[in-house]
Amino acid sequence: MTLITFFKNFLSTSFLLALSWLVTAIPLQAQRLPLSENLTSLLSPEGQTLLQNSKAQADYIPLMSQFVTQANGAFCGVASAVMVLNALEIPATVPSPWAQRYFTQDNIFNEKTEEVIPRSVITRQGMTLAQLSDLIATYTVEVKTFYGSDINLDQFRQIIRENLANDNNFVLINYLRRAIGQKRGGHISPIAAYNEESDQFLILDVSRYKYPPVWVDTETLWASTNTIDQVSQKTRGIVLISPPSLL
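When we follow my numbering, the leftmost residue of the sequence shown carries the number -11, and every step to the right adds one.
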């Protein structure tokens, strides 16, 4: 190993761990819930090793640099969409040229998003997979949706792994928490990395007052998307988001 390669690896690892620490840097109002044995916290030594050994983590740093906690219990999809739009550097519409042109969980809403699903409805019940896709698609990005019932385990793994191995495109997952060993029902968050040796994906949970980012094995995660959303009466799934020329 050359000296230059050594320092590049050192800086890369240090930056990854610094960003991992950032997840817990802000004081939280509620104590996190315990993790089941099948989940590995990114903040644990094992979780950090999984990240360091991941060969498909192109999304990790861009997402962590835009990480936000959902503003309320129903805004998991909103927070996830904000992270992705900011990571893609899509300019937000702001009231004045002096305002910062990044997305927040307030300015993401506009007349077009209200036509997809009103903010008041999201506040009451969150979003379905289709509503999440359609809301994001009101912006200058391309969106592709996969329902859990329409793809098998191998397809699920391949689709997400390929996304995570390439820059400038992202994947959000709509899954049932209970199916992976967590409390409560449906949830939405970004996926940030894949570890091939352990066959696990890293979820950057936007409700960080409940859970840290966690590694979940692929079969369990796929099964959690192949569950019925009681609002849509369809299965949950994944959404791929990229600039128009990439899909």
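Backbone N, C-alpha and C fix where the C-beta goes; we use that ideal spot for every residue, glycine too.
Check: When you compare only the Cα positions, how much space is there between Ser230 and Phe158?
Finding: 6 Å
DSSP three-state call for Tyr90: helix, strand or coil?
coil
- Segment contact flag, the region 56 to 66 with the region 200 to 216, C-beta cutoff 8 Å, min 3 pairs: Short answer: they don't touch.
(request) Would you mind working out which of Asp138, Asp155, Asp94 sits nearest Thr223, comparing C-alpha positions? (result) Asp138
Exercise for review: Give the DSSP bridge partners of Val204, in chain order.
Suggested key: Residue pairing from DSSP places Val204 in a beta bridge opposite Phe189.
For this session: Go through its chain and collect everything with a Cβ distance to Ser2's Cβ below 6 Å, but skip five positions before and after it.
Result: Low confidence applies to Ser2: its pLDDT is 41, below 50, so where it sits in the model is not reliable enough to give any reading.
*asked:* For a minimum of 3 consecutive residues, which ranges assigned as the beta strand (DSSP E) are wholly contained in the region 125 to 206?
replied: 130 to 135, 158 to 164, 174 to 183, 188 to 191, 202 to 205
*asked:* Does the structure place the region 141 to 158 close enough to the region 30 to 40 that three or more beta carbon pairs sit under 8 Å?
replied: no
- Assumed close pair Tyr127, Ile179 - CB separation to whole angstroms, cut-off 8 Å: About 20 Å separates the two Cβ atoms, so there is no contact after all.
**Same chain, Cβ closer than 7 Å to Gln119, five either side skipped, listed in chain order** = Val104, Ile105
Check your understanding: Would you call the CB atoms of Tyr163 and Thr213 closer than 8 Å?
Key -> yes
Fill in: Among Ala80, Ile191, Gly114, Gln113, nearest to Asn98 - alpha-carbon criterion
Checking every option, the nearest Cα to that of Asn98 belongs to Ala80.
Looking at the structure shown, is Asp217 part of a helix, part of a strand, or coil, going by DSSP? strand
- Item | Closest Cα partner of Gly169 within the set Asp122, Ile161, Asp205, Asp187 | Asp205
Note to self: Could you check whether the Cβ of Thr57 sits closer than 8 Å to any Cβ belonging to chain B?
What the structure shows: In summary, chain B is missing from the structure at hand, where a single protein chain is found.
Check your understanding: Using CA coordinates, which residue listed in Leu73, Leu27, Val66 is at the minimum distance from Gln54?
Key -> Leu73
Margin query: Could you check whether Ala46 and Asp217 sit closer than 8 Å to each other, using their CB atoms as the reference points?
Written below: no
Point to revise | Neighbourhood of Gly136 by C-beta, 6 Å cutoff - its chain only, sequence neighbours within 5 removed | key: Thr213, Asn214, Thr223, Arg224, Gly225
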